[in-house]
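Data first, discussion second: the structure below is written as structure tokens.
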Amino acid sequence: MNSLAEEASSDLVQVELAAMQKSIMEHFGGLKSTLAEIAEEFAGVEIGSNTPPAVLNSLLTRYPKTQDPKG
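Next comes the structure, spelled out in structure tokens:
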């Protein structure tokens, strides 16, 4: 257990963790701003059973694509 704690606190691991954190923050910062833009653009649109399909399709196509594998 002691060696695991030492390894986790090593400079190399700390640099790798900082790089991972930066990458995650950049990715989700961009996602957050994209979602804010979508919310602003469609702020006056009420989504319901009477919403035209063209409006729904326009809204859905604006959402960022995921990188998740399909299947």
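Numbered per this note's numbering, the sequence shown finishes at 72, counting up by one with no gaps.
Even glycine gets a Cβ: it sits at the ideal position worked out from N, Cα and C.
These numbers come from a predicted model, not from an experiment.
Can the beta-carbon of residue i be found less than 8 Å from the beta-carbon of residue j?
i   : j   : result
T35 : P65 : yes
E8  : V14 : yes
CB-CB under 6 Å to residue i, same chain, minus the five flanking residues each way: which ones, in chain order?
i   : result
M39 : In the sequence under discussion, the amino acid at residue 39 is Ile, which differs from the Met named in the question. Closer than 6 Å at Cβ, skipping near neighbours: R63.
S24 : none
Which residues in the same chain as residue i place their Cβ atom closer than 7 Å to its Cβ, once the five residues preceding and following it in sequence are excluded?
i   : result
L32 : P65
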